[in-house]
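These protein sequence lines map, in sequence, to chains A and B. Start counting the first sequence at 1; every next residue gets the next number (my numbering). Start counting the second sequence at 1001; every next residue gets the next number (my numbering). The C-beta atom is built at its ideal place from N, Cα and C for all residues, glycine as well. Note sheet for the following structure.
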Amino acid sequence: MELAFFQNLTLGFNVAFQWINLLYCLIGVLLGTLIGVLPGIGPVATIAMLLPITFNLSPLCALIMLAGIYYGAQYGGSTTSILVNIPGEAASVVTCLDGYQMARKGKAGPALATAAIGSFFAGCVSTIIVAMFAPPLANIALKFGPAEYFSLMFFGLVAAIVLAHGSLLKAIAMVLLGLLFGLVGTDVSSGEIRFTFGIYELADGIGFVTLAMGLFGVSEIIANLQAKEGREVFTRKVGRLMLSKNEFHRVWKAILRGTAFGSILGILPGGGPVLASFGAYALEKKVSPYSSEFGQGAIEGVAAPEAANNAAAQSSFIPLLTLGIPSNAVMALMIGAMMIQGIIPGPKVVSDKPELFWGLIASMWIGNAMLVILNLPLIGIWIRLLTVPYRFLYPSILVFMAIGVYSLSNSPFDVLLMTLFGILGHIFAKLECEPAPLILGFILGPMMEENLRRALLLSRGDPFVLITKPISASFLIAALALLIIVFAPAIRQKREEVFVEDQ
Amino acid sequence: MFRIHNPKEFGSGLIFIFFGIFFALISLNYRLGTAARMGPGYFPLMLSIFLSLMGGIILLRSLITKGEGIMRIKFQPLIFITLSLLLFAYLLPLLGLVLALGIMIITSVFAGLKFHFKEVLFLCVLLIIFAVFVFVKGLGLPFLLWPKFLN
């Protein structure tokens, strides 16, 4: 076992160090940092935009690049949070609180260094966690039948609802709507074509990229254009980048706590970097001996959330690689990317495609190393990029989206559909309905239907099969417990308080 | 006089009910089957009934709770962004990538923020050159570059 682990890692590094994979890793992390720095465009929209392009890459290159964008964005987002008080990315909103205060006190350098070191440490640890826990988990998952899968996905969706921002009821409704959108197209079991209104382009279903780009990309642009453009950029001296002994002493525990917290939250469905960073900040504020300094430039307030968001970005690959189930919107896109390449995400990936699995994991470590080496020297460039006004940015984003979506099936229809989802997404934004649960439902819809059908077919229509099988039953009980907990009045109030912080 | 105190919830409820009923009605056209042998209509009908129920609960709750009003939708960005994308998509097969992109970028400019003529021109040229080299020459996407009637 021990030996196999190192053999596997060696295989992974051998693959990841091939120059083409290194190149795409570099492209990925650079792009990720770039969009992390630029406000108004996040990893979901970027990965959705680039999905059509990955048709032409090898599966490993595609996944390495997309993964790089995802965790690269966590690094980039912190830079602007600290220097200009603008979170480039949702997961670095809390970094603004103390990071910017540090910068105002002339400690921008230590703040940036803390963010980079915290992210790097968390990235390394959670990469090892993925490498250690994913294969045994995949082994367990291999024994899952349709009943277990259905209940697992049910649990996943419930967790996504619980962890979604805002109203629980709306999140449930969004998941249901997503599940329904997922069913559009040809029904796998009966061959019947559903909900297409005779439009033949819909026979294959609504394209995932089309939906994601509409809901996240187009609606984001429309929303940004409605807000006033008020971005000020002050380029100030960054100062020394090294941490003093005292600072280092204060930081390391916070980084450890952030890493642990983020790694766990990343695995949970609906979790991910955003929630991890908020949670880690709140936790750190409670346990730190310097909690009175929080909000006025406490270095722990930078270290903990930055470690947590990167750890979560990494560990959210675990459910994807072992169960084939996405834990957040970006992972849902990764599933899309794997399917484009003809890889069925699930427990078999580890055993059938070891070079893909281990190569991806090794590339994450390499990518993290690249980020920490590249990021600090490149800070000047990233700041200058911030001065690019949004009026140049959004036509450029439009070009990417339009070409990307058009090329999906080489027809105008997908662009039309994306535009419609953009309008729908904008309406949802106005009504404060989070689109992330919808995306998860959309991906899981067909899989859930398929597994439910098979489970009930095997049991001859007896729904109790879902609770007589122990693994399936435990997922359902866990889901039920989650629901009861969040709907309990006391906790509900607490939950709302937690989410108010990020408004 | 009947007044809505929580318009965001009220609106959300309405949308969910609409989609719920919409999908439910279509599902009824498909064979339902039994739990043991589900037809294509079974699962979607179940989901859409739940969705309508959720919508109903959200709607009812909106009548007894209070909340902020919905921010007014500014139609200018909405219309011009939508229009620019659609123009691109439907003109591309006729006019080719270069012109379709140009038209899209120029249309998108009207979506809101201030623009100077020279900037727009510069942006157009830059983005078109980039798109032609990266997407057509580099990635080999099968796009027409110039209008059909010129070829």
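- Along the stretch 107-169 of chain A, the alpha helix (DSSP H) occurs as fully enclosed runs of 4 or more residues at 108-142, 146-163, listed in sequence order.
- Minimum Cα-Cα distance from A:I27 among the listed residues A:V251, A:D352, A:N368, A:S315 corresponds to A:N368.
- Proximity of A:V162 to chain B, defined by a Cβ-Cβ separation below 8 Å, is not satisfied.
- When the Cα atoms are used, A:L483 and A:T95 turn out to be separated by approximately 31 Å.
- As the crow flies, the alpha-carbon of B:I1070 is around 26 Å from that of A:L416.
- With respect to A:L152, A:I361 sits apart: the two C-beta atoms are not nearer than 8 Å.
- Per DSSP, reduced to three states, the secondary structure at A:T322 is helical.
- DSSP, reduced to helix, strand and coil, places A:I193 within a strand of the structure shown.
- Distance check between B:E1068 and each of B:F1115, B:M1054, B:P1007 places B:P1007 closest, using alpha-carbon atoms only.
- One thing to note: A:A478 has its Cβ no nearer than 8 Å to the Cβ of A:L466.
- The C-alpha of A:L243 is placed about 10 Å away from the C-alpha of A:I299.
- A:V44 places its beta carbon less than 8 Å from that of A:L333.
- Under the Cβ criterion of 8 Å, B:K1074 is counted among the residues facing chain A.
- Counting along the chain, A:A67 sits inside the alpha helix (DSSP H) bounded by residues 59-84.
- Among the residues facing chain A, B:F1018 is not included, as its CB has no counterpart in that chain under 8 Å away.
- DSSP, read as helix, strand or coil, puts A:G185 in strand.
- Boundaries of the alpha helix (DSSP H) around B:Q1076: 1075-1109.
- Of the residues A:L9, A:S58, A:L169, the one whose Cα lies closest to the Cα of A:F487 is A:L169.
- Taking CB atoms only, A:P273 has no neighbour in chain B less than 8 Å away.
- Remark: C-beta atoms of A:L11 and A:E355 approach each other more closely than 8 Å.
- Exposed is the label assigned to A:A203, since fewer than 16 other Cβ atoms lie within 10 Å of its Cβ.
- Fewer than three pairs of CB atoms, one per stretch, sit closer than 8 Å, so the stretch 270-282 of chain A makes no contact with the stretch 217-226 of chain A.
- Beta-bridge annotation (DSSP): B:M1038 is paired with B:G1033.
- Look at A:R384: its C-beta is not under 8 Å from any C-beta on chain B.
- With a threshold of 8 Å between beta carbons, A:K469 makes no contact with chain B.
- By the Cβ-count criterion, A:W19 is exposed, with fewer than 16 other Cβ atoms from all chains shown falling within 10 Å of its own Cβ.
- Residues of chain A whose Cβ lies closer than 8 Å to the Cβ of B:L1141 are, in chain order, I403, S407.
- DSSP places A:D204 outside any alpha helix (DSSP H), giving it a letter other than H or E.
- Closest option to A:T322, judged by alpha-carbon separation, among A:V274, A:I381, A:K353: A:K353.
- A:E449 is a Cβ neighbour of B:F1043, given a cutoff of 8 Å.
- For B:T1065, no alpha helix (DSSP H) encloses it, and the DSSP letter there is neither H nor E.
- Proximity of A:V486 to chain B, defined by a Cβ-Cβ separation below 8 Å, is not satisfied.
- Identification of chain B residues near A:K430 by a Cβ-Cβ cut-off of 7 Å yields I1070, M1071, I1073, ordered along the chain.
- Here DSSP, grouped into helix, strand and coil, assigns A:I41 to coil.
- A distance below 6 Å between beta-carbons, with the five flanking residues on each side excluded, links A:W365 to the following residues of its chain, in chain order: T127.
- Comparing C-alpha distances from B:I1064 to each of B:F1018, B:L1099, B:L1045, B:E1009 shows the shortest one belongs to B:E1009.
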